[in-house]
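2 protein chains.
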Amino acid sequence: MKLQEIGEFGLINRLAAGFEEHTGVIKGVGDDAAVLDFGDRWLLFTTDSMVEGVHFRLDYAAPEDIGYKALAVNISDIAAMGGRPSYAVVTVGLPDRLAVEEAEALYDGIREAARDYGVGVVGGDTTAAPVLVLNVALLGEAAPGRVRYRSGAQPEDIVCTTGSLGGAAAGLFLLQNNDFPCPDPLRNFLLRKHRRPEPRVESGFMLAGIPEVHALIDVSDGLASEVHHIADASGVGCQIFRAAVPVEPAAELVGRRAGLDPVDWALYGGEDYELVFTVAPEAVGRVAHALGGIGVGCRPVGKVVADKGVRLVLPDGSLTELTRAGYEHFITGSG
Amino acid sequence: MKLQEIGEFGLINRLAAGFEEHTGVIKGVGDDAAVLDFGDRWLLFTTDSMVEGVHFRLDYAAPEDIGYKALAVNISDIAAMGGRPSYAVVTVGLPDRLAVEEAEALYDGIREAARDYGVGVVGGDTTAAPVLVLNVALLGEAAPGRVRYRSGAQPEDIVCTTGSLGGAAAGLFLLQNNDFPCPDPLRNFLLRKHRRPEPRVESGFMLAGIPEVHALIDVSDGLASEVHHIADASGVGCQIFRAAVPVEPAAELVGRRAGLDPVDWALYGGEDYELVFTVAPEAVGRVAHALGGIGVGCRPVGKVVADKGVRLVLPDGSLTELTRAGYEHFITGSG
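In the order they appear, the protein sequences are chains A and B.
Here our numbering is used: the first residue of the first sequence is 1147, the next is one more, and so on.
Here our numbering is used: the first residue of the second sequence is 1147, the next is one more, and so on.
Below, the structure written as structure tokens:
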């Protein structure tokens, strides 16, 4: 059987199935990070890789940006558990054609992200490779019990995001359509959304401290895909209100001008690294107030229902199935 | 400047230079694993990757072996600090041409190594890639203070290994010279040395508990390269006695028959994953006794001297410079 036939998530499920349970593992494979019991604190452990031609192109992003993003997407995985990142090890596979200066710029980007988020880069490995490959493994910490999983969603919960979506996809669109007319400030803003994700560490930490926040995940593959993850892991269904999807205003401008529906970018584009969470209805106001206090939005986009299935509620009230359509490597081939 | 001009170790040194110090880091970049202060225990953190065409070839090793080795080489890095491995995350980049069954066999090998060494695989990432890429990040643990670095060697120390060397290189030679006449049991033994390293976890743990053991490293790139690492990090010199280099007997047989010097395999071949350590002369007997108790050898191969430089002492007593000549990715291109 070929890899394309089962897709990335199918493969992960097959492969993860066989790992044995192990002492001290509170949560193993299957969430944004593993959770390990270290007594007076819980350790979070995650890894994520970026492969040239699959996750990025060197003509779309500078080496500094690629290095920055490689660490940032891992930090977002720790944020998606409610933890704070601490230590990282970084492996870089470098093709011969790369200049030493480019390799150094890559590490400059890693260093910048480490500084921005207080991460200690404590080790790594450098090797030759046919294309540029970055792999980061990141530790994080949380107080015992103060983490949130994908699997905690409860019927009646409100589904919210910490901010607007679709900006990263709009940035990618501008890179792929270099001659698309767009004022420089708008272009630069959206390119930055694509190249320099800002993981929501403080938001995740705050949300994990609110008992009524039941499920938490970050937007790496797109809102639709993340809501599916929550629904699958929690054994519930979700309804997402199309009109409530918080589209990044700059993305909306570009999308409309391009004759594209910017809500699709928000639902399927991914790489926005906002958080998606579910919260008991009576606590939504409190959560919005808390997030507002650190300058972060709280956008209700849907609700959790007992019936399984993820549905999009259209403005006329009708329901349609919301497909995952997130970015799956083995199905789309390259993005 | 091109990557080939400065080599892997040169690049690592340049890149590692700029990482800032961070709270709780007892040892950062520069040893086999980082050491992190977690109060009543110290955490070890390491990462290592294997890239198809650079570190392995699919016609030389089955996917199970590649998976096994990817975890084993990281376990060896933890052993080289004196720690015990605990939790791993694994990233696999899979080329389209790979069958699902091959990907599963790869994970079977990872699972087998995890079982053999009591490691919990708690997470990972799967992605598309142009060639097969495996990256493992591994945590380990040690009691506070009970670790050993490359940098601890003291003049007068005896340099020892935990076993014979050159077996993995002889196995690779047989793979590269498939029609070389060799009895099956010998061939299988040496191929296994190449494909299924056996990291010396218990030996490393025991050695780190003996105060007179001053420096510790594992043989990934070859005895010569590891001794250079110890000498550089410790600010000392080393003399290695050529006649004392413990060549794996099976490798000796094959080497002689092939008209090659098997001592070169021991010095420069690498991938044996034995430990190299330095110990105060008065404690060598005690260490040998302790290692013997767990069925592991203790082979004195040289001594530490105050004068910098690493030299090979020939049987006639003359000295010659011992070059690193370990495996450096950007210089040799592919191995």
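Idealized CB from N, CA, C, for every residue including glycine.
Just so you know, these numbers come straight off a predicted model, no measurement behind them.
State the Cα-Cα distance for the pair V1382 of chain A and D1367 of chain A, rounded to the nearest angstrom.
Taking the straight line from one Cα to the other gives about 20 Å.
In chain A, what lies closer than 9 Å to F1326 of chain B by C-beta?
The contacting residues do not exist; F1326 of chain B stays about 27 Å from chain A at best.
At least 3 beta-carbon pairs within less than 8 Å: the region 1312-1322 of chain B vs the region 1414-1422 of chain B
When Cβ pairs closer than 8 Å are counted between the two stretches, the region 1312-1322 of chain B is seen to touch the region 1414-1422 of chain B, the count reaching three or more.
Whose C-alpha, out of A:G1438, A:A1389, A:A1275, A:S1371, is nearest the C-alpha of R1470 of chain A?
Nearest C-alpha to R1470 of chain A: A:S1371.
Could you check if D1205 of chain B is buried or exposed, using at least 16 other CB atoms within 10 Å of its CB as the buried criterion?
That one is exposed.
Please classify N1323 of chain A as buried or exposed, where buried requires at least 16 other C-beta atoms within 10 Å of its C-beta.
Taking all protein chains shown into account, N1323 of chain A has fewer than 16 neighbouring C-beta atoms within 10 Å of its C-beta and is therefore exposed.
Alpha carbons only, please: which of B:R1187, B:R1203, B:S1195 is nearest the one belonging to E1287 of chain B?
Comparing Cα-Cα distances from E1287 of chain B to each of B:R1187, B:R1203, B:S1195, the minimum goes to B:R1187.
Chain-ordered neighbours of H1168 of chain B on chain A, where CB pairs are closer than 9 Å:
Correct list: S1232, Y1233, A1260, G1264, V1265, G1266, V1267, V1268.
Quick check: is the beta carbon of A1225 of chain B nearer than 8 Å to any beta carbon in chain A?
No, A1225 of chain B does not count as interfacial toward chain A.
I want to verify the contact list: residues of chain A whose CB lies under 8 Å from the CB of L1204 of chain B, in sequence order.
What L1204 of chain B touches in chain A: nothing, since even the nearest Cβ is about 14 Å away.
For G1309 of chain B, which of helix, strand or coil comes out of DSSP?
The three-state secondary structure of G1309 of chain B, taken from DSSP, is coil.
Less than 8 Å between the CB atoms is what I'm expecting for I1221 of chain B and V1347 of chain B, so what's the real figure, rounded?
With 8 Å as the limit, I1221 of chain B and V1347 of chain B qualify as a contact, their Cβ atoms being about 6 Å apart.
In angstroms, rounded to a whole number, what distance separates the CA positions of A1379 of chain A and V1305 of chain A?
Looking at the two C-alpha atoms, the distance is approximately 15 Å.
What first and last residue would you give for the beta strand (DSSP E) that runs through G1220 of chain A?
For clarity, residue 1220 of chain A is Asn in the given sequence; the question names Gly instead. Boundaries for N1220 of chain A: no beta strand (DSSP E) harbours it, while the alpha helix (DSSP H) harbouring it runs 1209-1225, taken from the DSSP string.
Does the separation of the CB atoms of L1369 of chain B and A1226 of chain B fall below 8 Å?
Result no, Cβ atoms of L1369 of chain B and A1226 of chain B do not sit closer than 8 Å.
Using a Cβ-Cβ cut-off of 8 Å, state whether G1416 of chain A counts as contacting chain C.
Here chain C cannot be found, since the structure's protein chains are A and B.
Beta-carbon separation of L1311 of chain B and F1423 of chain B under 8 Å?
No, the pair does not count as a contact, with Cβ atoms beyond the cut-off.
For R1333 of chain A, the nearest candidate out of A:A1397, A:P1357, A:V1450, A:S1349 (CA to CA):
Answer by Cα proximity: A:A1397.
Assuming the contact rule is C-beta atoms closer than 8 Å, A1234 of chain A and V1265 of chain A should be a hit. Round their C-beta distance to whole Å, please.
Contact between A1234 of chain A and V1265 of chain A holds: their C-beta atoms lie close to 5 Å from each other, under 8 Å.
Is it right to say T1466 of chain B is buried, meaning 16 or more other beta carbons lie within 10 angstroms of its own, or is it exposed?
Around the Cβ of T1466 of chain B, a 10 Å sphere holds fewer than 16 other Cβ atoms; the residue is exposed.
Does P1276 of chain B have its Cβ less than 8 Å from a Cβ in chain A?
Cβ-Cβ to chain A under 8 Å: yes for P1276 of chain B.
Can you tell me which of B:I1376, B:P1331, B:R1432, B:C1384 puts its alpha carbon nearest to the alpha carbon of K1358 of chain B?
Sequence inspection shows Glu at residue 1358 of chain B; the Lys mentioned does not correspond to that position. The candidate whose alpha carbon is nearest that of E1358 of chain B is B:R1432.
In angstroms, rounded to a whole number, what distance separates the CA positions of D1410 of chain B and V1459 of chain B?
Spanning the alpha carbons of D1410 of chain B and V1459 of chain B requires a straight line of approximately 14 Å.
First and last residue of the alpha helix (DSSP H) that includes A1288 of chain A?
Premise fails: A1288 of chain A lies in the beta strand (DSSP E), 1279-1288, not in any alpha helix (DSSP H).
Start-to-end residues for the beta strand (DSSP E) that takes in K1173 of chain B:
Element bounds for K1173 of chain B: 1171-1173.
Under 8 Å between C-beta atoms of A1216 of chain A and G1269 of chain B:
In this structure, G1269 of chain B does not lie closer than 8 Å to A1216 of chain A by Cβ.
Y1295 of chain A by DSSP, collapsed to three states: which one?
Reduced to three states, the DSSP call for Y1295 of chain A is coil.
Quick check on DSSP: helix, strand or coil for E1344 of chain B?
Of the three classes helix, strand and coil, the one that applies to E1344 of chain B here is coil, per DSSP.
Selection from B:A1245, B:P1395, B:E1210 that minimises the alpha carbon distance to E1258 of chain B:
It is B:E1210.
Just to confirm my understanding: we take E1248 of chain B, look at its own chain, exclude 5 residues before and 5 after, and list those with CB closer than 7 Å. What are they?
For E1248 of chain B, the CB contacts under 7 Å within the same chain, skipping 5 residues up- and downstream, are P1209 in chain order.
Quick check for students: name the residue ranges of the alpha helix (DSSP H) that lie wholly in the region 1421-1464 of chain A, counting only runs of 4 or more.
The qualifying runs are 1430-1438.
Between the C-alpha atoms of L1399 of chain B and P1331 of chain B, what's the straight-line distance to the nearest angstrom?
Rounded to whole angstroms, L1399 of chain B to P1331 of chain B spans 13 Å at the Cα level.
Please report the Cβ distance between G1239 of chain B and A1207 of chain B, rounded to the nearest whole angstrom; I am assuming they are in contact, meaning their Cβ atoms lie under 8 Å.
Contact between G1239 of chain B and A1207 of chain B is absent: CB atoms are separated by about 17 Å, not below the 8 Å threshold.
What in chain B is Cβ-close to S1349 of chain A, meaning under 7 Å?
Near S1349 of chain A there are no residues of chain B at all, since even the closest Cβ is about 22 Å away, more than 7 Å.
Minimum Cβ-Cβ distance from L1244 of chain B to chain A less than 8 Å
Closer than 8 Å: yes.
So the candidates are A:P1345, A:L1468, A:F1326, A:R1203; which of them puts its Cα closest to the Cα of D1223 of chain A?
The option with the nearest alpha carbon to D1223 of chain A is A:P1345.
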